[in-house]
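Chains as they are written, first to last, in our numbering: chain A, 67 to 442; chain B, 67 to 442. Glycine included, each C-beta is placed from N, C-alpha and C at the ideal position. Data first, discussion second: the structure below is written as structure tokens.
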DNA sequence: GATCTCTCTGCAAACCTTTGCATTGAAGTA
DNA sequence: TACTTCAATGCAAAGGTTTGCAGAGAGATC
């Protein structure tokens, strides 16, 4: 029933190899023949069978996208951008949800490996060593995790956390809480590291609460601990938690930002809609999705997959790019942060006026932090 | 480099067909042999190549999910549920975003057809006739569109719109606006139809504004027209538009619900977070995703795909289920609706107290509205 | 007119599985 | 012992495509 290359060959009176070449190497076939074949193909509604093609070329023209939680609003813009970019390059995208489960991640990489040319691992929860091991099975690009020897797309949440802390310190806050993210999250560690350093530099105390599930509920549950910690400002691992915290504080009758200031990370679309509107560190998720796909496909075109090839014993060098891209973040100041108890008082060692918000450079032009090519 | 069935055969000293049977028909192989083969496979890390398998069995064990806009918060829960359900049944899921573009939908169905066992069309914008035509190329299940002869998963937005209008009328509103959705949307038509009828029955006037893009911006842009229309209540095509409208009204200094009541549709997670919290018609998106996958896979297992099969000339009947499932919706009353100008006044022909919110039955138990089996 | 070059096309193997049929050998029956 | 039955395995074709190699002409060069 489905129309194959053979049907087209019969209809246009040529051998199947000519039909094949019409699609995959048009310059090798006579223009007249070509138009005839194309006309027949069009007529019959022929579409090459990608699976059969993959069997021999070794390229599936599919990629895998492994996501911790599709329902977390952080991810859909990334998925959308990645899918769009992939499709522009004639790739299809498998999407799989791991429910924040490291074991599921591993299983999925295995299951998808034969069916894709590469996998995007978004905010993985696995160990670094496991990721490295898996990268020997299928080309991997990792988003939101730094890993030597592997292509990574990172968002500079360290810079973002620093800006956030400096913003809070500049507003006169000295007692700040950090709501940590989930265990195994590179982003969470990075935020913590940068926030600690920035707090120290600004002469503020940082109380870390967590790890927490990166959800609204996770934030909500920390409302009481936050209040009891006696802090006047909070930086949350992500917006979802910040929003949950906002709700929790509201339920406790704590006013934001009058009594406690709250900052999130991600700038998901909800953040403009809460009352008060959330101050947050915007992360370039769409750019990350695009960039990651580009890196994966770049890598993919570098590497010849067919085993057959080459004249007598010409060993083809397998090249792998391991560029790491760091995308800039931007502090977006809205209504959930306000003056703290030390507002207006001059402080030594800190820029008195407080630094302005960090402006993001053109997000379409990622900064390549480190790039190299390894031959193996 | 990748390990094939041949490697396993060599390692365990049997023919490749025995290895194949170990996986696909274990009862045909001697238990001792089986364990040996399985051990070797495990050792070598063998995974069957699904593409090669598909080539001969005709089943890819993949499905396609075509979505109007991944970034629209309505869809991620559906995607998540569908993917989860599919994976439970050992299927992988291609996700593709059409950007609300009918032409892209068609192109995607064609592109994916050979690579999947079926496609889920979510809230399609195509014409009915085109959908029918495409369904001859690949099994289709349609979500949010009613189509004779095709399996559909519908959400009873008609009932939801009716509940919403009755709720508003019960609160004393007589001048109500409806913010229409995008052209080509079955849901939008259905809401309009039901809302008109319900308004008429309740003795209220319904002003239709639209069609509109189903986005926040689309809702925001209607704030001024809504105010000028002189209505005291609005039902929006979806929550995103309702939220946009809330913002727009806020910007105009119109208080909700004191001056205008607003109702949305979908109950996306944001809706609990706006101020005021949004009254909305909850649609069972996750259940829809699960159900649609079940219907597709059900259909898939019914239909033998191999052309080869059967003894001399035994024509195998191709059976297709065309069951249509209608999932119930539920009006969730929050803070964006309040008393209207006619509050408390007795009205003839209407239940004075106003009907209570329509309660949703167990969303896990869809109601089969119509089902049949066609032999062709 | 013979030789060479070049373009276009056909042939057939290969990719990795599944599966109908044939073969083998052992156990059971008469 | 001769036969049948049955379970377990091997054989080879098939599925749709790509691609190295070789052949067939046509045109150019001497």
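Chain-ordered chain B contacts of residue i [CB-CB under 7 Å]
i                      : result
residue 340 of chain A : 339
residue 160 of chain A : 158, 159 and 160
residue 336 of chain A : 336 and 339
residue 323 of chain A : Simply none; closest approach about 15 Å.
CA-to-CA distance, residue j to residue i, given in whole angstroms
i                      : j                      : result
residue 68 of chain A  : residue 74 of chain A  : 12 Å
residue 102 of chain B : residue 215 of chain A : 37 Å
residue 141 of chain A : residue 339 of chain B : 19 Å
residue 118 of chain B : residue 105 of chain A : 29 Å
residue 198 of chain B : residue 341 of chain B : 43 Å
residue 266 of chain B : residue 138 of chain A : 41 Å
residue 383 of chain B : residue 205 of chain B : For residue 383 of chain B, the predicted model reports a pLDDT of 36, less than 50, meaning its position is unreliable and no value from the coordinates is stated.
residue 334 of chain A : residue 168 of chain A : 24 Å
residue 365 of chain A : residue 358 of chain A : 11 Å
residue 250 of chain A : residue 170 of chain A : 14 Å
residue 263 of chain A : residue 346 of chain B : 45 Å
residue 313 of chain A : residue 195 of chain B : 48 Å
residue 292 of chain A : residue 179 of chain B : 53 Å
residue 156 of chain B : residue 286 of chain A : 36 Å
residue 427 of chain A : residue 353 of chain A : Interpretation of residue 427 of chain A is limited by its pLDDT of 31, a score under 50 that renders its predicted location unreliable; the figure taken from the coordinates is listed afterwards. Whole-angstrom Cα-Cα distance: 12 Å.
residue 86 of chain A  : residue 201 of chain B : 27 Å
residue 158 of chain B : residue 164 of chain A : 13 Å
residue 301 of chain B : residue 227 of chain B : 8 Å
residue 154 of chain B : residue 318 of chain B : 50 Å
residue 211 of chain A : residue 219 of chain A : 8 Å
Three-state secondary structure (DSSP) of residue i
i                      : result
residue 89 of chain B  : helix
residue 416 of chain A : Low confidence applies to residue 416 of chain A: its pLDDT is 42, below 50, so where it sits in the model is not reliable, and the reading given next is rough at best. If DSSP states are grouped into helix, strand and coil, residue 416 of chain A belongs with coil.
residue 78 of chain A  : helix
residue 137 of chain A : coil
residue 335 of chain A : helix
residue 129 of chain A : strand
residue 330 of chain B : strand
residue 259 of chain B : helix
residue 68 of chain B  : coil
residue 224 of chain B : helix
residue 180 of chain B : coil
residue 295 of chain B : coil
Other residues of its chain near residue i: CB distance less than 8 Å, five sequence neighbours each side excluded
i                      : result
residue 247 of chain B : 253, 254, 257, 276, 277, 278, 280, 303, 304 and 307
residue 181 of chain A : 126, 128, 130 and 160
residue 37 of chain B  : A query on residue 37 of chain B cannot be resolved here, the shown segment of chain B reaching from 67 to 442 and no further.
residue 311 of chain A : 245, 285, 286, 288, 289, 292, 300, 302 and 328
Same chain, Cβ closer than 6 Å to residue i, five either side skipped, listed in chain order
i                      : result
residue 222 of chain A : 392, 394 and 395
residue 416 of chain A : Because residue 416 of chain A carries a pLDDT of 42, less than 50, the predicted location of this residue cannot be relied on, and the following value inherits that uncertainty. These residues qualify, in order along the chain: 268.
residue 355 of chain A : 144, 147 and 148
residue 188 of chain A : 133 and 209
residue 401 of chain A : 342 and 343
residue 151 of chain A : 356 and 359
residue 284 of chain B : 278 and 307
Own chain residues within Cβ distance below 7 Å of residue i, not counting five before or after
i                      : result
residue 92 of chain A  : 100
residue 362 of chain B : 129, 184, 186, 205 and 207
residue 82 of chain B  : 71, 72 and 75
residue 410 of chain A : 238
residue 110 of chain B : 69, 73, 74 and 77
Amino acids of chain A, ordered along the chain, whose beta-carbon sits closer than 7 Å to that of residue i
i                      : result
residue 115 of chain B : 180
residue 118 of chain B : 121
residue 245 of chain B : Here the premise fails: no neighbours, minimum Cβ distance about 18 Å.
Beta-bridge partners of residue i, as assigned by DSSP
i                      : result
residue 156 of chain A : Answer is none; residue 156 of chain A lacks a bridge partner.
residue 167 of chain A : None; residue 167 of chain A has no bridge partner.
residue 244 of chain B : B/274 and B/301
residue 188 of chain B : B/209
residue 397 of chain B : B/347
residue 161 of chain A : A/131
Partner residues on chain A for residue i, Cβ-Cβ distance less than 9 Å
i                      : result
residue 176 of chain B : 111 and 113
residue 145 of chain B : 136, 137, 142, 145, 161 and 163
residue 309 of chain B : 339
Where residue i meets chain B, residues with beta-carbon distance less than 8 Å
i                      : result
residue 149 of chain A : 136, 161, 162 and 163
residue 126 of chain A : 117
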